[in-house]
Every structure is written in C-alpha cells, then in structure tokens.
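Residue numbers (the numbering used here): 3 to 256. See below for the structure under consideration.
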Amino acid sequence: MLHGTVQGLPPYSGVIAASTPGGRPVNWAATGRLGGVSGPPYESLNLASHVGDDEDAVAANRDILTGLVGATGVAVTGSVHGADIALASGPGEIHGIDAVITQTPGLAVAALAADCLVLGLVGDDEGTVAAVHCGWRGLVADVTGSAVAALRALGVGVQHVVLGPSVCGHCYPVPGERADDVRLSCSAAVADAALLTCRDGQPGIDVRRGVLARLAELGVASVTSVDACTAEQPDFFSHRRDGVTGRQGIVLVR
Numbered sequence: 003m004l005h006g007t008v009q010g011l012p013p014y015s016g017v018i019a020a021s022t023p024g025g026r027p028v029n030w031a032a033t034g035r036l037g038g039v040s041g042p043p044y045e046s047l048n049l050a051s052h053v054g055d056d057e058d059a060v061a062a063n064r065d066i067l068t069g070l071v072g073a074t075g076v077a078v079t080g081s082v083h084g085a086d087i088a089l090a091s092g093p094g095e096i097h098g099i100d101a102v103i104t105q106t107p108g109l110a111v112a113a114l115a116a117d118c119l120v121l122g123l124v125g126d127d128e129g130t131v132a133a134v135h136c137g138w139r140g141l142v143a144d145v146t147g148s149a150v151a152a153l154r155a156l157g158v159g160v161q162h163v164v165l166g167p168s169v170c171g172h173c174y175p176v177p178g179e180r181a182d183d184v185r186l187s188c189s190a191a192v193a194d195a196a197l198l199t200c201r202d203g204q205p206g207i208d209v210r211r212g213v214l215a216r217l218a219e220l221g222v223a224s225v226t227s228v229d230a231c232t233a234e235q236p237d238f239f240s241h242r243r244d245g246v247t248g249r250q251g252i253v254l255v256r
C-alpha cells in the first residue's frame, strides 16, 4: 500500500494504491480551516452549508476541494448522529444520514465535522469509497459497524480506513449519564477504549479511540489516523472551542 502526499493538497492527505489489478487508486484529504474563501467566523475553508456561511463561499470551497483531489463532484453526508447510510451516484448533500458510499468513478464522498470524528473507508474492490460522520452518539449507534456492514453487503471488504481530526477525550468532558450510555451500548472493548477521566476529574469520551477499537473488532487492521485534536489546534474548526464556526471534512475519490 502506498501513502504519499498529493501535490497541492493539505498536509493531511495521501494516495492509497489499488488492491486489485486495474483498480483505481484513492486520493484522500482531511481538511482544516485554511485555504478557502469564507470570512469570519468561518474562515476560510468551511465546507458546510448549514452553519450560516455565505452559500457562494461554501460552493467555492467545495470546488477548491474537489479540484485538489481530482473529483468531478462530491456527495456530502449529513450529520444527524445516527447510523443510516446512503449510496450516492451523483454530487450533492444527502440529509438524514451519517455515512455515504459511492461506486461512481470520479465522484468524491465527504463527511463534515467540527469536533466529531470523520472516517474514510476504502473498499478492496475497484471503485468503492465511503465517508462517515461519528460523534459520541454515532459510537453508541455503531455507525462504524453499519458502514462496514453496508460495504460487505455490496460484496466489498474494507482495504483501508482513514480517520480525520477530532476532539480528544481530555478536551471532551461529558456528564456521567453520557458515559453510562457508552458503557451500556458499546462492547466492553470499545467502552474501555473510549472512556477516560479528564484533567478536571470529569468523565470524557475519546471517539477516535472508541472507533479504533470497533474497527479492530470488525477485523479492519489497516488504518491511517490524523491524530490532531480540533479543540487544541487553531488550524481546525472546533465547535467546543469557538461556538459558531465552520466545518472541516474527510474527502475521498477514486
């Protein structure tokens, strides 16, 4: 498997070689807040249309992104904190879901967030990719397992997974009841990985660690993780840090 920086893309980007003869490689990128045209408080590469940003600026930012990864368009998943999935054959926003799959050549898929985790799944066939949005509710709903199962229902295994930036568990204190929800709904391995104690003694949830544990349960071993905390690093959008702000994303195309 080949990983390398795509010319002109953000630092968190790469190429994943095809796993089958004649298959197409995958370009992926995990974006931050730099490199776009949006003004404050969305400066500058905001990819979300639902946060109050100028619609033309969002469209221009998405054009910048699709151009950089070499896509003809992008299908963008919603972020409703569930486990529903859609199969996309053309560009646009798909509401009411948290994961989108495509088998259309040249069509990118993207998931957006400003602290939640975004994942990119690369199929082991010639053309399948998926993008997933997962917060703590997605961890409880097992959107990761649902996405892997959806690929397998199409006869496709998971070759590789890319995890984008997200808030770390130490910056994500939660009420005790929320930690209880994770403990009751997830497997012991996932809950043990995701739950921790924050610096102030409150319980915290590290969604990235929980998803990594879930992927291990699902037999997915090949993972690239962008280990950047969105709340700690100002080059990323963070709702917890800033309140009204934009959204970064994970985008894949093959």
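For every residue, glycine included, the Cβ atom is placed at its ideal position computed from N, Cα and C.
If we count the other Cβ atoms within 10 Å of its Cβ and call it buried at 16 or more, is residue i buried or exposed?
i: Pro107; result: exposed
i: Gln161; result: buried
i: Thr7; result: Only weak support is given to the placement of Thr7: the predicted model assigns it a pLDDT of 38, under 50, and the value that follows is read from those uncertain coordinates. By the neighbour-count rule (16 or more Cβ atoms within 10 Å), Thr7 is not buried but exposed.
i: Val271; result: There is simply no residue 271 to check, as the chain begins at 3 and stops at 256 in what is shown.
i: Pro236; result: exposed
i: Gly10; result: Reliability of the predicted coordinates at Gly10 is poor, the pLDDT of 46 falling under 50, and no value is obtained from them.
i: Pro167; result: buried
i: Gly80; result: buried
i: Asp55; result: buried
i: Leu186; result: exposed
i: Thr22; result: exposed
i: Ala190; result: exposed
i: Ala50; result: buried
i: Ala223; result: exposed
Would the beta-carbon of residue i fall within 7 angstroms of that of residue j?
i: Val71; j: Val253; result: yes
i: Asp100; j: His52; result: no
i: Val111; j: Ala133; result: yes
i: Leu165; j: Leu121; result: yes
i: Gly137; j: His83; result: yes
i: Gly125; j: Val158; result: yes
i: Ile207; j: Gly171; result: yes
i: Val163; j: Leu109; result: no
i: Ala116; j: His241; result: yes
i: Pro93; j: Ala77; result: yes
i: Arg249; j: Phe238; result: no
i: Trp30; j: Gly16; result: yes
i: Cys173; j: Ala230; result: no
i: Ala73; j: Asp144; result: no
i: Leu119; j: Arg201; result: no
i: Thr104; j: Ala90; result: yes
i: Val169; j: Tyr14; result: no
Leaving out the 5 sequence neighbours to the left and right, which residues in its chain are closer than 6 angstroms to residue i when beta-carbon positions are compared?
i: Gly212; result: Leu141, Val192, Ala195 and Ala196
i: Gln204; result: Pro175
i: Cys216; result: It should be noted that the sequence gives Arg, not Cys, for residue 216. So the list reads Thr146 and Val192, once near-sequence residues are dropped.
i: Thr33; result: Pro12, Leu47, Gln250 and Gly251
i: Pro43; result: Val246 and Thr247
Let's see if you can read the secondary structure: which residues bound the alpha helix (DSSP H) around residue i?
i: Glu179; result: Gly178 to Ser187
i: His162; result: Here His162 belongs to no alpha helix (DSSP H); instead the beta strand (DSSP E) covers Val160 to Leu165.
i: Gly206; result: It is not in any alpha helix (DSSP H) - Gly206 instead sits in the beta strand (DSSP E) that spans Pro205 to Ile207.
Give me, in chain order, the residues of the same chain whose beta-carbon lies closer than 7 angstroms to that of residue i; leave out the 5 immediate sequence neighbours on both sides.
i: Val39; result: Ser46, Ala59, Ala62 and Asn63
i: Ala149; result: Ile87, Ala101, Leu123, Ala132 and Val134
The beta strand (DSSP E) spanning residue i covers which residue range?
i: Asn63; result: Run containing Asn63: none in the beta strand (DSSP E); it sits in the alpha helix (DSSP H), Glu57 to Val71.
i: Val78; result: Gly75 to Thr79
i: Val255; result: Gln250 to Val255
Taking 8 angstroms as the limit between beta carbons, can you name the residues of its chain near residue i, skipping five residues before and five after?
i: Arg26; result: Ala20, Pro107, Glu128, Gly129 and Arg256
Segments of 4+ residues assigned as alpha helix (DSSP H) that fall wholly inside the segment 94 to 157: 138 to 143 and 145 to 155
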